[in-house]
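Structure first, then comments.
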Amino acid sequence: MPFLNVYYPEHQLNDKKLEKISNHIHQSLIQHFHIPKDDYFQLFLPYPSQHFFYDSQYLLERGEKRTDNMIYISITCGQGRTVEQKKKLYQSIAEGLHADLDLSTNNIFITLNETPLENWSFGQGLAQMVNQKEGK
């Protein structure tokens, strides 16, 4: 049930690269969070680089720096994954995007927001995840 918002600098990525990013993130979620293949909801939102304010070195190791090509991935998902699963997901996304698209891992910023099942509706005014759990 993950829902993603991916923010990226406008004019940095073409449609082909966005599709590659989308597919890689989805495959990482399947592998590490064990989501169904068809649980696929992602929104890509370009931003003008002058509208993103950040510290270029905060918590990066070895004196490395971020650049104006930063991609912010916000994942909203259900609760219940282990810390180890989350760490592997972050690593898989960052390393995959670096390998496939030559994006610097310094520029891949990920947040994970866990939301209880009752806070999801996939349409039709239903709480599908709660109904599914209750056998309805």
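Just so we're aligned, residue 6 is where the sequence shown starts under my numbering, counting upward by one.
By construction, the Cβ of each residue, glycine as well, lies at the ideal position given by its N, Cα and C atoms.
Cα atoms of residue 118 and residue 109: separation of roughly 23 Å, rounded to the nearest angstrom.
Nearest neighbour of residue 61 by Cα position, chosen from 88, 123, 84 and 71, turns out to be 71. A residue is called buried once 16 or more other Cβ atoms fall within 10 Å of its Cβ, and residue 104, having fewer, is exposed. In chain order, 7, 9 and 117 place their CB closer than 6 Å to the CB of residue 80, counting only its own chain and leaving out the 5 sequence neighbours on each side. Taking 3 residues as the minimum length, the beta strand (DSSP E) runs contained wholly in the segment 85-122 are 113-119, in order along the chain. Residue 47 sits in a strand when the DSSP states are folded into three classes. In this structure residue 14 is buried. Its beta-carbon is surrounded by 16 or more other beta-carbon atoms within 10 angstroms.
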